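Numbering (the numbering used here), first residue to last: 894 to 1460.
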């Protein structure tokens, strides 16, 4: 909005002012008001359509100067104030004028200034200010009912916000309508049942009546590891088509730095026909742990960076309904980068300990034992345990989103790509150990039985998510090498999904029976409860027992037929 489109001189006729007011919406300016200013563009007063009606009823003519009927004491507040502060300031101003604070709802326009009270920079409606400061009055639409969107939707609905969850998949919408989540997440089923058709509805279309839109769609990488932003572009266009003045758009998706400003915002503006500032816009990337999402949405600090201060304030106010722990960033880009930093740091740390584990194996040492004892009582340790690779949707792709952002800005990272390459090499290392064992012991590949435990990308906290699971990478390597008699078990993942992966679903008891190789590939607590000494008696001899997560005891190697391979 160009505020000067609303400027009129005090000598302008009422008819001329009406023309300015009528043309304002077409120019994208505030409707129903004109700003009366002097030659130096200093505010003298305002003239609303209501002021004009009162003036005409009182005898003013259309040819009369607007100064005769203007309001010379409008409410003017600093644009540095948050929305709750604006409400408080307006109420105090009304009291100083001898009016009841609740009469603020009769104020159609509140003028904002940046540097000087006589130089207006924006105009807001008091009701919109009040509504922005009262999150419970909002209607929130969550776009995308995946891990990020669904957990956020039920959590917001559970604290009393009105929430509509949307997804383009008819199957997802249908199943959620029956209170059946498409994945396992601790506590999700109960909260979904508690909120569905009360404070939460699920549908395939984005509702026009919502006033907060939170984009939670995936941002995968392509086969060449460059970002695929088509999902977030399409979601932005869909939101833009229903966007109204004063609505809020929050990007929850993890994106390359600059995406919110250079990709999402232009799509919203094109589809809505409005400019940012007319609606509010913020980046608030999710940072929850799968398996603890509902808990962490209430406990973890949320990071937020807005297009402007008002956008940041509104996003903070909405999420304060979930948690008091919110960290305000100074820009959209800072919020985007903060999320990437968290995940890239974790992935790189895992890469370091995995490289350490490979070196230990070459030296005949136990990496798990050394790391545990090196951490013991040492305040600057806290090294994680090694693993057969780093799986999961976020940690596998986010380093590439970071590298893409850095290279686009002219900087080529050195350490992070190497750590990522190390993590990606681990499944190959594991499968090569199996193949070497097969060859050393003269076991025909077509006869070799391999039992894999753990198909979800992690076991603790438990999840059913198999996206980018390192187990699937290992399975792929083994099958490509000719080992096809593969049995599998997972405490959470459905057997139908294991069938789809081309493995035979089985119990641990059946899996050990006649196995040549047993591989523990995630750290689900159920693995530690197995009686390995008893189960190992049921296997072929010799047996390769690979423990990628330290869930078993090295004492198992006391069995003469067991080749124990830890990380």
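The beta carbon of each residue, even a glycine, is placed where N, CA and C say it ideally should be. Since the structure is predicted, the reported quantities are computational estimates derived from the model, not experimental observations.
{"query": "Checking 8 Å against the spacing of the C-beta atoms, do residue 964 and residue 925 come in under that value?", "result": "no"}
{"query": "Kindly indicate which residue of 1142, 1060 and 1149 has the alpha-carbon position closest to the one of residue 1119.", "result": "1149"}
{"query": "For residue 1288, would you say it is in contact with chain C, using Cβ-to-Cβ distances shorter than 8 Å as the test?", "result": "No chain C is part of this structure, which consists of one protein chain only."}
{"query": "In terms of DSSP beta bridges, what is residue 1437 paired with?", "result": "1410 and 1456"}
{"query": "CB residue 1061 to CB residue 1026, shorter than 8 Å?", "result": "no"}
{"query": "If you reduce the DSSP assignment to three classes, tell me which class residue 1056 lands in.", "result": "strand"}
{"query": "Might you give, ordered along the chain, the residues of its own chain that have their beta carbon closer than 6 Å to the beta carbon of residue 1391, omitting 5 neighbours on each side?", "result": "1381 and 1398"}
{"query": "Closest to residue 1403 by C-alpha separation, out of 1416, 1344 and 1354, would be which residue?", "result": "1344"}
{"query": "Span of the beta strand (DSSP E) holding residue 928?", "result": "926 to 930"}
{"query": "How would you label residue 993, buried or exposed, when you count the other beta carbons within 10 angstroms and need 16 or more for buried?", "result": "exposed"}
{"query": "Along the alpha helix (DSSP H) that carries residue 1264, what are the first and last residues, could you check?", "result": "1260 to 1268"}
{"query": "Which term fits residue 1203, buried or exposed, when burial requires 16 or more other beta carbons within 10 angstroms of its beta carbon?", "result": "buried"}
{"query": "Mind checking whether residue 1067 and residue 1109 have CB atoms under 8 Å apart?", "result": "no"}
{"query": "Which two residues bound the contiguous alpha helix (DSSP H) that contains residue 1253?", "result": "1225 to 1256"}
{"query": "Measuring alpha carbon to alpha carbon, tell me which residue in 1032, 1042 and 1113 is nearest residue 1092.", "result": "1032"}
{"query": "Give the DSSP-derived three-state secondary structure of residue 971 in the structure shown.", "result": "strand"}
{"query": "Near residue 979, what residues of its chain come up, given a Cβ to Cβ distance below 6 Å and the 5 sequence neighbours on each side ignored?", "result": "970 and 1022"}
{"query": "Give a yes or no on whether the C-beta atoms belonging to residue 1182 and residue 1354 are separated by under 8 Å.", "result": "yes"}
{"query": "Count the other CB atoms within 10 Å of the CB of residue 1046; is the residue buried (16 or more) or exposed (fewer)?", "result": "buried"}
{"query": "In angstroms, rounded to a whole number, what distance separates the CA positions of residue 1334 and residue 1421?", "result": "28 Å"}
{"query": "Over the uninterrupted alpha helix (DSSP H) stretch that includes residue 1198, give me the two end residues.", "result": "Taken as a continuous stretch (DSSP letters only), residue 1198 belongs to no alpha helix (DSSP H), being part of the beta strand (DSSP E) at 1195 to 1199."}
{"query": "Hey, would you say the C-beta of residue 1005 is under 7 Å away from at least one heavy atom of the ligand HEM?", "result": "The ligand HEM is not among the ligands present in this structure, which contains no ligands whatsoever."}
{"query": "Are the CB atoms of residue 958 and residue 917 nearer to each other than 8 Å?", "result": "no"}
{"query": "Would you decide whether residue 1071 is buried or exposed? Buried here means 16 or more other CB atoms lie within 10 Å of its CB.", "result": "exposed"}
{"query": "Please identify the residue among 953, 1237 and 1141 whose C-alpha is closest to the C-alpha of residue 1299.", "result": "1237"}
{"query": "Which whole runs of the beta strand (DSSP E) in the segment 1005 to 1081 are 3 residues long or more, in chain order?", "result": "1013 to 1017, 1032 to 1036 and 1055 to 1059"}
{"query": "Report the rounded CA-to-CA distance for residue 1137 versus residue 1094, giving the unit in angstroms.", "result": "21 Å"}
{"query": "Contact check, residue 1432 vs residue 1411 under 8 Å by CB: the rounded distance?", "result": "7 Å"}
{"query": "CA-CA distance, residue 1323 and residue 1367?", "result": "7 Å"}
{"query": "What's the call for residue 1055, buried or exposed, on a 16-neighbour Cβ count within 10 Å?", "result": "buried"}
{"query": "Take residue 1445 and list the residues in its own chain whose beta-carbon comes closer than 6 Å to its own, dropping the five residues that flank it on each side.", "result": "1425"}
{"query": "Just checking my contact of residue 1245 with residue 1253 at CB under 8 Å: how many whole Å lie between their CB atoms?", "result": "With a Cβ gap of about 13 Å, residue 1245 and residue 1253 do not count as contacting."}
{"query": "In terms of DSSP beta bridges, what is residue 1175 paired with?", "result": "1143 and 1199"}
{"query": "Which residues bound the alpha helix (DSSP H) around residue 983?", "result": "976 to 989"}
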